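Per my numbering, the sequence shown starts with residue 7, numbered consecutively.
These notes are about the structure you will find just below.
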Amino acid sequence: MAFGSIVPWNLFKVSRRAKVACSVACVFLATTVLGSDTYGARTSEPALGTGQPAQELAVHTGDRSGDHLRFYRCFLADPGYERASNDRSYKGTNRSNNRSAEGFEALSESSPPGREDLQRCAPNELGKIMIVMYHDIQSEEKEWVRSRDNFRKDLERFYREGFVLIRLSSYLRGEIPVPAGKTPLILTFDDATPGQFRFVERDGELIPDPNCAVGILLDFSRKHPDFGCAATFFIDFPAPFGVPSQVEAKLRFLLENGMEIGNHTYNHRNLRNSPPEQIAEEIGKLTAAVKNICGYEVCSLALPFGAYPQHKEVLASGVWEGVEYRNLGVLLVGAEPAPSPFSKHFKPLAIPRIRGCEDELSKWLEYFRRNPQARFISDGNADTITIAQDDERNIDRDRTGGKTVIVYSTNNGDSKTASPNTSSPSVSPGH
């Protein structure tokens, strides 16, 4: 419901900001007393840890002083969401989203699941996780460019097949609070192109272009709030997303809407033959720039051109001109789903991704349809790691972070997962 339909503003002479504040208060009281259905807020809880903003009940109000904007948001559905621009974590409330995959009975957090429940539901928290890599989003499909229509179709496919967006940082920390029966999905965008994030002016306000990646993702999330809107944008300088005067406004907007900023080096430099000092400069300089702009500490790196340096020891951590940096994960260009963060096969300094193009996405989505036991399937409890007995040898106990590990027997013999038809996966140079 629009603000104007909540309060008869024509009877009062008040400022626009007062209208916004009063309307938010009215909606809050209505949704609290009468229930969320009354004013169209979603009836289910947000998918915890997806970085999604709750029902948006406020509009952008612009402060045109300088080139900065202030964005006013009202996060009502999840009081645990912290809006601080330098907060890298989603501190959601401890509630599970019971929108389970079709045919899946959500496991209850109130009582431990029985053996029959686990055998029937078959959670697999050692399964593979897709980290999808996009570059530009434009009107037409090209090499390294996903068309807007196809990007929208990608989101529809992901949602239809039971995926839920989570933050990359959550994955790297082994915090995957996904609803029971769902599979986590991570979206990444390299190069900070205008097609990824562009502002347009509407009614005197700057808002995300509905045809850029951010606008498309936010629109889809509003229609499907249980999907989320988490994404990581790997940026480089001097002008991420193309407009120097809007850099701060855009970075803050991403952070305030549950998205993340990643390191793509300051100058988008090929690091393959770079000395350690130059690698540290490229990573540290961008880390410092982002922190100076919005107080955010970058914690992940995507290698430009997919070029892995000879001196990998400075990728995880280092110092440049007194600025310390620490990357929890280093992302490659290709060419397969990533291991579970609890798996012995997880290598934080070499995390694979899947290209966001038709052939690669279709191949891997079909693979998971044919091999559902290969994908990460959540047990619905972020404090437990549930795995099949046959996979127990693959868990890395040092990465469980004190979580309870639940091992269950399938009682139907050993099973093997066939590899997709990729005898020689193509790992093309990234951008």
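Note that CB positions come from ideal geometry on N, CA and C, so glycine has one too.
These figures come from a predicted structure and were not determined experimentally.
With respect to Ile357, Tyr302 sits apart: the two C-beta atoms are not nearer than 9 Å.
Closest in alpha carbon position to Lys318, among Leu371, Pro347, Ser306 and Leu355, is Leu355.
By the 16-neighbour rule on beta-carbons within 10 angstroms, Arg208 is exposed. The segment 278-285 makes no contact with the segment 243-256: fewer than 3 CB pairs, one atom from each, lie closer than 8 Å. Note that the C-beta distance between Arg332 and Ala322 is below 9 Å.
Contact between the segment 249-257 and the segment 178-187 is absent: fewer than 3 CB-CB pairs across the two stretches fall below 8 Å. Residue environment for Asp385: buried (at least 16 other C-beta atoms within 10 angstroms of its C-beta). Taking 8 Å as the upper bound for CB-CB distance, Phe233 and Phe195 are not in contact here, some 17 Å apart.
The beta carbon of Lys297 lies closer than 7 Å to those of Glu303 in the same chain, with the five residues before and after it left out.
In the structure shown, Leu334 falls within a coil segment according to DSSP collapsed to helix, strand and coil. Along the segment 123-153, the beta strand (DSSP E) occurs as fully enclosed runs of 3 or more residues at 136-140, 142-144 and 151-153, listed in sequence order.
For Tyr373, the enclosing alpha helix (DSSP H) begins and ends at Glu364 to Arg376. Secondary structure note for Tyr177: its alpha helix (DSSP H) is the uninterrupted segment Leu174 to Leu178.
Secondary structure of Tyr414 (DSSP, three-state): strand.
Under DSSP, the beta-bridge partners assigned to Leu307 are Asn269 and Val336.
DSSP places Arg405 outside any alpha helix (DSSP H), giving it a letter other than H or E.
A residue is called buried when at least 16 other Cβ atoms come within 10 angstroms of its Cβ; Asn279 does not meet this threshold and is exposed. No residue range can be given for Asp215, since it is assigned to no beta strand (DSSP E) and is classified by DSSP as neither H nor E.
Listed in chain order, the non-local C-beta contacts of Asp397 below 7 Å within the same chain comprise Leu132, local neighbours out to five positions each way being set aside. The count of Cβ pairs closer than 8 Å, one atom from the segment 143-161 and one from the segment 222-230, reaches three, so the stretches are in contact. Judged by beta-carbon spacing, Ser175 lies within the 9 Å limit of Cys305, meaning their Cβ atoms are closer than that value.
Ile393 is the residue among Ile393, Ile401, Asp402 and Thr406 whose C-alpha sits nearest the C-alpha of Ser415. Per DSSP, Glu288 lies in no beta strand (DSSP E); the unbroken alpha helix (DSSP H) holding it starts and ends at Pro282 to Cys300.
Judged by beta-carbon spacing, Trp370 lies within the 9 Å limit of Met136, meaning their Cβ atoms are closer than that value.
Cβ-Cβ separation between Asn156 and Glu364: approximately 7 Å, consistent with a contact (criterion under 8 Å).
With respect to the C-alpha of Ala313, the residue from Arg258, Gly362 and Leu337 having the closest C-alpha is Leu337.
Residue pairing from DSSP leaves Asp155 without any beta-bridge partner.
Taking the Cα positions, Gly340 is about 11 Å away from Phe311. Between Pro216 and the set Arg154, Asp389, Trp326 and Thr390, the nearest pair of CA atoms involves Arg154. For Leu171, the uninterrupted beta strand (DSSP E) segment begins and ends at Phe169 to Leu171. Residue environment for Pro190: buried (at least 16 other C-beta atoms within 10 angstroms of its C-beta).
Looking at the DSSP output, Leu193 shares a beta bridge with Val138. A distance of 9 Å or more separates the beta carbons of Trp326 and Ile360. Secondary structure at Arg275: coil, using DSSP grouped into helix, strand and coil. Here DSSP, grouped into helix, strand and coil, assigns Ser349 to strand.
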